[in-house]
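In this note's numbering, the protein residues as written are -4 to 404.
Structural data, given as structure tokens:
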């Protein structure tokens, strides 16, 4: 009797996905991303849209790492622009050819040893001895760029360690002010250390090393590392610190060590994002890393939802697209008899208004603290399919009832 009743009872919930199915779905999503990047890297694809995609991936790297501190650990930091500046300038100095360095630093020579070597050139000389036939020279550029990005991340992480040790003992507004001061110190140093950064003139004609393979790969790697960290015991400890530091410490969590870990990891990926940005734009100057860079990242993580890696990823892509789509509001326009001249900076006004409205009416952001999972997507698809099937069954039932002749005829 029980078996018959169970067979008649309609299935209400979606069957759970097996771990192998989730792995296959993840591989399929990665294959789709690789196919999209391969398509966009074709010579005939629009360079304009390719540039937007590159910026979107770089924003993903910076925003997801920034969200680790501000959203997951709950520490209000305002200094990622300083870490990005460290990574950007170090990547540039490591990748720029030696001859080009002598041309750029004409006011004051570049300091030794940065003036004496270039990572791709040094690697090319070494690899050519090991791999004859041009293979060593061909490997020197991508390998040199990888080494430079890692070095930029490590340098930024060391900067994060030096800043985090004294400042993470502070809380709330005091921490925000301390990290804001660090970003301003880096900005002032970049303007005045002419023998390192070339001052306000910056460095131009940097070879364009970054492409979608680099930026997309860095974005996927950042999301993978951060999300695994968030789902680990360290991540759960960070969430406990975010909710209540005193209670977390009472439960045996070493609050300062966990906050410092999040800060250093975030600084590492911010440095990588700065290096990718410099190699994409082919020019770098201190004005690229003002507080506006931090403000942009703050908009992204708040709009996406503080604490949500999915929200930071999706909003970073939307932000890069909207930055270009909203260029129209900065152009001169005519509304009937009214002529409105172009006002530079109106895009940031639009983003700021969006941020104000979100804080007034939807403080949790687009995703809150929710994350994308295959189980969640599967249950949503199941419910939608079930609703559509029921709707079609009702429509077909009504059509059959209308076509049936009335009784007695």
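The C-beta atom is built at its ideal place from N, Cα and C for all residues, glycine as well.
Same chain, Cβ closer than 7 Å to residue i, five either side skipped, listed in chain order
i           : result
residue 221 : 59, 60, 63 and 304
residue 32  : 207, 208 and 211
residue 87  : 198, 201, 273 and 279
residue 165 : 173
Local Cβ density within 10 Å of residue i, reported as buried at 16 or more and exposed below that
i           : result
residue -1  : Caution applies to residue -1, whose pLDDT of 47 falls short of 50 and renders its modelled position unreliable; the model cannot decide the point.
residue 253 : buried
residue 242 : exposed
residue 40  : exposed
residue 265 : buried
residue 354 : exposed
residue 263 : buried
residue 10  : exposed
residue 216 : exposed
residue 192 : buried
residue 384 : exposed
residue 90  : buried
residue 268 : buried
residue 223 : exposed
residue 169 : exposed
residue 336 : exposed
residue 314 : buried
residue 382 : exposed
residue 330 : exposed
Through-space distance from residue j to residue i, alpha-carbon basis
i           : j           : result
residue 285 : residue 38  : 34 Å
residue 104 : residue 258 : 34 Å
residue 228 : residue 110 : 44 Å
residue 115 : residue 154 : 25 Å
residue 69  : residue 332 : 50 Å
residue 196 : residue 283 : 12 Å
residue 8   : residue 380 : 12 Å
residue 396 : residue 378 : 27 Å
residue 308 : residue 270 : 19 Å
residue 53  : residue 126 : 33 Å
residue 412 : residue 108 : This structure does not reach residue 412, given that the chain is present from -4 up to 404, and the question cannot be answered.
Residue i - partner residues in DSSP beta bridges
i           : result
residue 328 : 335
residue 198 : 279
Cβ-based neighbour list, residue i, same chain, cut-off 6 Å, excluding 5 preceding and 5 following
i           : result
residue 281 : 182, 185 and 186
residue 189 : 102 and 103
residue 225 : 67
residue 20  : 369
residue 321 : 342 and 345
Residue i: CB within 8 Å of a non-hydrogen atom of the ligand ADP
i          : result
residue 76 : The ligand ADP is absent from the structure shown, which contains no ligand whatsoever.
Nonlocal neighbours in the same chain, by C-beta distance under 8 Å from residue i, ignoring five residues either side
i           : result
residue 65  : 71, 72, 293, 296 and 301
residue 160 : 255
residue 44  : 35
residue 150 : 81, 82, 85 and 266
residue 152 : 259, 260, 262, 263 and 266
residue 203 : 274, 275 and 277
is_contact[residue i, chain C] using C-beta, thresh 9 Å
i           : result
residue 213 : Annotation note: the requested chain C is absent from the structure, which comprises a single protein chain.
Point to revise | Residue ranges of each alpha helix (DSSP H) within the stretch 190 to 244, 4 or longer | key: 207 to 226 and 228 to 238
Check your understanding: Which ranges would you report for the alpha helix (DSSP H) in the stretch 48 to 91 if only whole runs of at least 4 residues count?
Key -> 75 to 90
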